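Contents: one structure, followed by commentary.
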Amino acid sequence: MSLSTKRFLGLLLGLIVINLLSAFVYARFDLTSDKRYTLTDGTRQLLATLPARVHVDVYLTGNLPPGFRRLETAVRETLEGFKAEGESNISYRFIDPITGTTTEQNKRLAELAALGLQPTNLFANQGGKRTEQLVVPGAVVHYEGKQIGVLLLKGNKAASPEEQLNQSYEGVEYQLAAAIRRLTQPEGSRRRVGLVFGHTQVPPERFSDVLASIQETYDLFFVDLRKPGPVEGVDALLVLKPDQPFVESEIFKLDQYVVKGGRALFVVDGQRIDSVGTEGSYAQPLVLGLDELFFNWGARVNKDVVKDLNCGVIPLNVGNMGDKPNIQLVPWRFYPVLNSFGDSPITRNLDAIYGRFVSTIDTVRANGIHKTVLLKTSAYTQVLKTPTLVSYNEARQQPDPATYLGGVRSVGTLLEGSFASLFANQLLPDSLKNGYRETGVAAKVLLCSDGDLVVNDVDYKRKAPLPLGYDRFTRTQFANKDFILNAIDYLVDPEGLIVARQREVPLRPLDSVKIGAERTQWQALNVLGPLALVLALGLIWQAIRRRQYAR
C-alpha cells in the first residue's frame, strides 16, 4: 500500500470518527468578542432543570426586511442554544403568519393579538413604489396546555429603527427565558414577594395590573407591619405609593429587614396633591416618617415637585368653538416622560416611563453603600419646593426654555451594600431587642420618588383597569410595568435571568458615504475576485503537475 493511499484512508477514517462523535456529542465555540452566542448561567440552569417539554412557535419569519431578518436569525440561534441546553425538553418551529387564505390569516392574527402579539406594518419604497408589509414580531411559548405570548420587538422607541432592532436583538434571550420560567415554575419553588398594606388610600383596582403581573412569576403575600414580630419569609418587600405615615415600630421592622439582608422596593411620593383645578391646588409636603430611614441608607426624597419640558399631555378646554368647548391635548409639564436611565440590567434598553407629580432624590454619604441612579429627568426642568401652586392654567402657558434650568434630576436610585441600623446606639424596649442587629449583611434597596409609577389608569366607561403605563389620551404604552418587574427580578435574584439583560451587541454600521462612492469597485471585486482566485489556483496546480511529471 502506497504512502498516499495510507494518508487517504487515514483521513477518511478520521472523518468517519468525527461524524460519529458529532451525532452524540454537541459542542459550540463562541469566538465573538461580545459572547453573543453564549447563554448566561441563569438561563442554562433554567433549561437544564425543565420538568417537561417546552415548545416555541416563532412568527417572525417570511419575506422580512434585512433588519428583521437579523432579528429572526438571533431568535433562531438563541433557540438552538436553548435546545442544546434543554435537549429533548425544548423544541421550536418558525411559522409565517401571512400564509393561507385570508380567513386563515385573520383567524391566526386574531389569536396572536389575544396573546398580546399585535402585527406591525412596515412601509418601504421599492422601485419608486410605496409598499406595505405585515409582520408579527413575536413568539408563543407552550407548556402543558398553557401558552404565553412573547413580544420580540422591544427597546426604546426614541432610538432609531436600527438601534431599536439591535436592542431587541440583545433582549431575545431574556424575553424567551423569562416566558419559559413563568410557565414552568413548579408549585412551591416560586420566590415570595411581600406587599406592605394598610398605608395607602389608593383603590385596589389602581394596583391591579402590577399585582397581577407580579403574581405570574412570584407568590405574593400581604405584610402587615402592625402585627408583632419581624418581617420574615419573603424574598423582596414592596412599599407602593404609601400616603399614611409609618410609626416607629413599623420603621424598626423595615430597618431590620434590610439590615438582615432583605431586598426592598419603595415607590413613594415626596408631596401630596389631592386634586387639581383651574383655580389651583397646592402640592403639600408628604410626611411618611421614612425620611430618617432613607437618609441613613444614603438617599433623600425631597419635598418638591418637578416640571419637565419632556412631558405627557392632558385634554384641556382651550376655548370655545361656537357654542362648544374646544378640547385639545396640551403638554402638562407636571407629568414628566422619563427617558434617561443609568447603567443597570434593570433599565437597559428600556422604553420611556410615564411619571406624575415626580419629586427629586438626592444621594448622601452612607458608608458601605453603592448608589446607582436608575431614572432621570431630562435636562430641561424646574424644581418647585412645596408647598407650591399647581393649576391647569399652567398648561395654557407657553413655556420659556430659558427658565427650565434645573438640569437632570434623579427620581430613582438603587442602593446596594451592608446597611447599618438607624437604631444603633439607641435604647430599645425589651420587646424589640430580641433578634436585633446593628450592622448588616449585603442587601438592596430601590427607591423611586413617584408613587404613581405603579398606579394604573381606569377605563371608566367599561369600569375596567387599563395596563400599567398606558396613557389613554395618546394611546401610548410606556414601560412602567417593565421597569417594576425588572426591578423585582433584580432584587430577588440578581444572578439569575436578569443578567441576560446586560448583553450588549454593538452596531457596526458601514460607512454610507464610502458605500455610495465605491459601490462599483466593490461589486466588481465581489464578482470577479472569486473567479480570479479560482483561475490563479488552477494555474498554480497545473504548473505543479507539469513540474512533477516532467522529471
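Residue numbering for the sequence shown follows full-length UniProt numbering, starting at 1 and increasing by one per position.
Ideal placement from N, C-alpha and C gives every residue a C-beta, glycine not left out.
Note that the coordinates shown come from a computational prediction; the quantities given were computed from them, not determined experimentally.
- In chain order, L422 place their CB closer than 7 Å to the CB of E292, counting only its own chain and leaving out the 5 sequence neighbours on each side.
- Fully enclosed beta strand (DSSP E) runs of no fewer than 3 residues occupy 192 to 196, 219 to 223, 236 to 240 of the segment 190 to 240, in order along the chain.
- Contact check for P336 against T386 fails: the beta carbons are separated by 9 Å or more.
- Cβ-Cβ distances below 7 Å link P242 to H199, T200, V268, L288 in the same chain, with the five nearest sequence neighbours on each side left out; the list follows chain order.
- For F423, the three-state secondary structure derived from DSSP is coil.
- CA-CA distance, F294 to Q167, rounds to 34 Å.
- Secondary structure note for A264: its beta strand (DSSP E) is the uninterrupted segment 263 to 267.
- Note on geometry: alpha-carbon atoms of L238 and F266 lie some 6 Å from one another.
- Annotation for Y460: no beta strand (DSSP E) segment contains it, and DSSP assigns it neither H nor E.
- In the DSSP annotation of this structure, the continuous segment of the beta strand (DSSP E) that includes N326 starts and ends at 324 to 338.
- A straight-line Cα-Cα distance of about 7 Å links P51 and T184.
- Burial is judged here by how many other beta carbons sit within 10 angstroms of a residue's own beta carbon; S189 has fewer than 16 and is exposed.
- Annotation for P186: P51 place their beta carbon closer than 7 Å to its own, counting only its chain and skipping 5 residues before and after.
- The beta carbon of T388 lies closer than 6 Å to those of A283 in the same chain, with the five residues before and after it left out.
- A direct Cα-Cα distance of roughly 14 Å separates R409 from C311.
- Burial of S340 is indicated by the presence of at least 16 other C-beta atoms within 10 angstroms of its C-beta.
- Remark: C-beta atoms of L375 and G406 do not approach each other more closely than 9 Å.
- Counting C-beta pairs closer than 8 Å gives three or more between the segment 133 to 140 and the segment 57 to 66, which meets the contact rule.
- DSSP, reduced to helix, strand and coil, places D343 outside both helices and strands of the structure shown, so it counts as coil.
- By the 16-neighbour rule on beta-carbons within 10 angstroms, K481 is buried.
- In its chain, beyond the 5 residues on either side, L329, V330, P331, W332, F473, T474 have a beta carbon closer than 7 Å to the beta carbon of V313.
- Note on geometry: alpha-carbon atoms of A487 and L446 lie some 8 Å from one another.
- A distance below 8 Å between beta-carbons, with the five flanking residues on each side excluded, links R181 to the following residues of its chain, in chain order: L46, T217, L497.
- A Cβ-Cβ separation of about 4 Å places R501 in contact with P345 under the 8 Å criterion.
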